[in-house]
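Notes follow once the structure below has been shown.
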Amino acid sequence: MADLTQAVLQGDRRALARLITLVENDDAQGRQALDALFPKTGTAHVIGITGPSGVGKSSLVNCLVDTLIKQDPKLHVAVIAVDPTSPFSGGAVLGDRIRMRAIAEKSNVFIRSMASRGALGGLAHNIQAVSLVLDAAGYDFIVVETVGAGQSEVEIASLAHSVLVVEAPGLGDDVQAAKAGIMEIADILVLNKADKADVDAAEMTLRSMLTMGYPSEESDESIWVPPILRTVATDGEGIAELVEAIHAHARYLRSTGNWQQRDQIRLRAFLRGLLERERDREWQQLIQKEEFKNIFGQVFVRALSPYAAVERLQEFSFLKNSQ
Numbered sequence: 386m387a388d389l390t391q392a393v394l395q396g397d398r399r400a401l402a403r404l405i406t407l408v409e410n411d412d413a414q415g416r417q418a419l420d421a422l423f424p425k426t427g428t429a430h431v432i433g434i435t436g437p438s439g440v441g442k443s444s445l446v447n448c449l450v451d452t453l454i455k456q457d458p459k460l461h462v463a464v465i466a467v468d469p470t471s472p473f474s475g476g477a478v479l480g481d482r483i484r485m486r487a488i489a490e491k492s493n494v495f496i497r498s499m500a501s502r503g504a505l506g507g508l509a510h511n512i513q514a515v516s517l518v519l520d521a522a523g524y525d526f527i528v529v530e531t532v533g534a535g536q537s538e539v540e541i542a543s544l545a546h547s548v549l550v551v552e553a554p555g556l557g558d559d560v561q562a563a564k565a566g567i568m569e570i571a572d573i574l575v576l577n578k579a580d581k582a583d584v585d586a587a588e589m590t591l592r593s594m595l596t597m598g599y600p601s602e603e604s605d606e607s608i609w610v611p612p613i614l615r616t617v618a619t620d621g622e623g624i625a626e627l628v629e630a631i632h633a634h635a636r637y638l639r640s641t642g643n644w645q646q647r648d649q650i651r652l653r654a655f656l657r658g659l660l661e662r663e664r665d666r667e668w669q670q671l672i673q674k675e676e677f678k679n680i681f682g683q684v685f686v687r688a689l690s691p692y693a694a695v696e697r698l699q700e701f702s703f704l705k706n707s708q
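The structure is reproduced here in structure tokens:
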């Protein structure tokens, strides 16, 4: 395993892909490798990109990454494209990677499609661990594109330093951003497909929503007000301005101390996820025990309340073992 981690640190892409697979599968070797790599993490800028289907997120990611590395060829950029699980293979569908083929072959770009595997909100189960692996591997930017379905749009806030919420005019409502609290997590609002005729109405709606969230007109450098940027990802329009906004947000986070705060949020969410996974494992073991079957039998015939049953079950559970 030491050889694998060393190869990852030396830039071996095959070793990186292998380690990510181990981490995705929650393999013991993957956990061991991440233990060794963890001190090397903490420098990457994680960018979350979310929004409803049909707004052109994958095209935007493709153009964004291409612009980043053209502006600075020394940069290394990774993309995690979270796909719904394929009902046939159980793996991530490759639609995102196909759309990103223009950048996929570049030596300083690494793209990984990850299946959501039924995790809450469609986020890949080990996406945080994979981000840490990519961070340790020396990637300056890690772009996480979510499936844009329900709760995942909000969950991205616990995974990223900067959250880009992508909208597009003409999707039925003026914009979809009001749903599921998504406006509250946006650091940058992107109006993609801005060559459509009704883009002005969509931008006015977004600005009115921002005014409700940031009513003060007084300048306050301690408060970041999300900019609204128009883009046409298919021809690169507005992407340079988007890159500058991302850099500006990073400068803001570092100058105000919010970078460390975002890191704390990310690591706290990661720890919580690991603990929840361990609790789930303990539960799966617990329900196989005779003691559980006996207690559950009493609950089933209404001889024991669920609350009383939990008190008894704690004798065999994660709660007692963790005390």
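If you count by this note's numbering, then the sequence shown holds residues 386 to 708, one letter each, in order.
Each residue gets a CB set at the ideal place from its N, CA and C atoms; glycine is no exception.
- Of the candidates Val528, Thr406, Gly441, Val528 places its Cα closest to the Cα of valine 462.
- A straight-line Cα-Cα distance of about 10 Å links lysine 678 and phenylalanine 685.
- Counting of Cβ neighbours within 10 angstroms places valine 610 among the exposed residues, the total staying below 16.
- In the three-state reduction of the DSSP assignment, arginine 615 falls in the strand class.
- Out of Thr428, Tyr599, Glu552, the CA that lies nearest to the CA of alanine 521 is found in Thr428.
- For leucine 574 against isoleucine 541, the beta-carbon gap comes to about 14 Å, at or over 8 Å, which does not count as contact.
- With contacts defined by Cβ atoms closer than 8 Å, lysine 455 and glutamate 530 do not form a contacting pair.
- Around the beta carbon of threonine 406, fewer than 16 other beta carbons lie within 10 angstroms, which makes this residue exposed.
- Counting only the Cα atoms, arginine 697 lies some 45 Å from proline 437.
- Looking from the CA of alanine 630, the closest CA among Leu449, Ala553, Asp411 belongs to Leu449.
- Here the alpha carbon of leucine 394 sits roughly 10 Å from the alpha carbon of leucine 519.
- Per DSSP, serine 498 is one residue of the beta strand (DSSP E) stretching across 494 to 500.
- Three or more pairs of CB atoms, one per stretch, sit closer than 8 Å, so the segment 542 to 557 contacts the segment 640 to 659.
- Its Cα nearest to that of isoleucine 488, the residue Asn447 stands out among Tyr524, Val515, Asn447, Ala500.
- Here aspartate 411 is near asparagine 511, since their CB atoms are less than 8 Å apart.
- Here alanine 400 has Leu389, Ala392, Val393 as same chain residues with Cβ atoms under 7 Å from its own Cβ, once five neighbours each way along the sequence are excluded.
- Annotation: leucine 404 to valine 467 spans about 18 Å, alpha carbon to alpha carbon.
- Listed in chain order, the non-local C-beta contacts of aspartate 572 below 8 Å within the same chain comprise Ser547, Val548, Leu549, Trp609, Pro611, His634, local neighbours out to five positions each way being set aside.
- Between the C-alpha atoms of valine 464 and phenylalanine 655 there is a straight-line separation of about 19 Å.
- Nearest C-alpha to threonine 619 among Met594, Glu626, Ala579, Met597: Ala579.
- The beta carbon of glutamate 588 lies closer than 8 Å to those of Leu576, Ile613, Arg615 in the same chain, with the five residues before and after it left out.
- Distance from the CA atom of alanine 693 to the CA atom of arginine 687, rounded to whole angstroms, is 11 Å.
- Considering only Ile680, Ala387, Thr426, the residue with the shortest C-alpha distance to glutamine 414 is Ala387.
- For alanine 463, the pairing in a beta bridge is given by DSSP as Phe495, Ile527.
- The Cβ atoms of valine 584 and proline 554 lie closer than 8 Å to each other.
- If you look at serine 516, you'll find it in the alpha helix (DSSP H) that goes 512 to 521.
- A direct Cα-to-Cα measurement between glutamine 673 and proline 691 gives close to 18 Å.
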